Amino acid sequence: MRLANKTAIVTGAGSGFGEGIAKTFARQGAKVIVADINASGGQRVVDEIRAAGGQAHFVEVNVAQDASVGALLRDTLEQYGGLDIVVNNAGTTHRNRPMLEVDEAEFDRVFAVNVKSIYLSARHFVPHFRGQGGGVFINIASTAAIRPRPGLVWYNGSKGAVVVMSKTMAAELGPDNIRVNCVNPVVGATALLSEFMGVPDTPENRQKFMATIPLGRFSTPQDVANACLYLASDEAAFITGTCLEVDGGRCV
């Protein structure tokens with residue numbers, strides 16, 4: 001059990017990559033807080049983890065609201081008495097289209113969920129980690145941060161911010177024994193796929209995107225979860241400030 005005796009928060013864990021991360025952490029012995037704005041999805045994941053013999057608890061959270069993130073920490077400590085790992089996975093996008101067609105409300109939503117959430121996470125969880133002598137942050141960014149595609153300008157920018165914040169947090173928090181890393185997945189077959197593509201989700205359109213990935217497929221929740229598991233575990237005790245690409249070799 002690579003995460004035995006650890007407690008982890010996974011945001012956006014009610015579906016997609018977050019669901020895969022939460023279930024993998026639970027299988028590896030962690031007590032998992034499944035945090036999501038979608039209560040039905042989050043509770044379903046908790047029920048499935050428990051049915052498989054794991055420990056999990058659902059907390060409804062809006063990662064872009066300060067009070068909600070503060071309540072997430074309080075609920076976690078009340079439920080499990082500690083916190084060791086935070087995976088900032090919750091994210092969103094605007095539809096793939098020319099940058100000037102994205103309105104201000106969409107822009108604000110993308111940066112609130114993808115970027116402000118990291119600030120709020122640090123604001124609430126860093127003092128706790130400092131108080132106990134260490135902890136782990138894993139921020140889910142994207143290959144969009146380092147090899148951006150046209151049509152996703154503002155989404156790309158938000159994930160670029162996640163990469164830079166992760167590296168800078170790692171430099172600042174290292175003396176506190178707080179490790180900060182991020183994972184850059186290539187596009188996966190999640191609920192946001194059609195938004196990323198900007199076209200209907202058909203086999204033909206999927207193939208066009210997969211043609212840019214040398215290993216010939218999209219990323220899966222398990223691919224991303226495996227990367228997070230390593231970075232969360234004591235095996236990565238000397239790894240901080242890195243961005244692990246889970247992208248099948250995508251080069252364009």
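Numbering (full-length UniProt numbering), first residue to last: 1 to 252.
Here a beta-carbon is modelled for each residue, glycine too, at the ideal position from N, C-alpha and C.
These figures come from a predicted structure and were not determined experimentally.
Let me make sure I understand the geometry here. Which of the options has the alpha-carbon closest to that of residue i?
i    : options               : result
L120 : G18, G70, D234, R27   : G70
V162 : R74, S68, N89, V136   : N89
R27  : V61, V34, L3          : L3
V183 : M1, F17, G174         : F17
E245 : A225, T76, I33, S15   : A225
A35  : G29, A67, G12, R44    : G12
V110 : H94, F125, I118, H124 : H94
Strictly by DSSP, which residues pair up with residue i?
i    : result
R179 : V136
H57  : I33
P221 : Paired residues: none, contrary to the question.
What is the DSSP secondary structure of residue i, reduced to helix, strand or coil?
i    : result
T202 : coil
S68  : helix
T7   : strand
I85  : strand
N96  : coil
V246 : strand
P185 : strand
I49  : helix
Q28  : coil
Any idea if residue i is buried or exposed, counting beta-carbon neighbours within 10 angstroms, 16 or more meaning buried?
i    : result
N5   : exposed
P150 : exposed
K208 : exposed
G135 : buried
A51  : exposed
V61  : buried
R179 : buried
Residue i: beta carbon under 7 angstroms from a heavy atom of the ligand MN?
i    : result
F218 : Here there are no bound small molecules, and the ligand MN is not part of this structure.
Taking 8 angstroms as the CB-CB cut-off, is residue i touching chain B?
i   : result
G53 : No chain B is part of this structure, which consists of one protein chain only.
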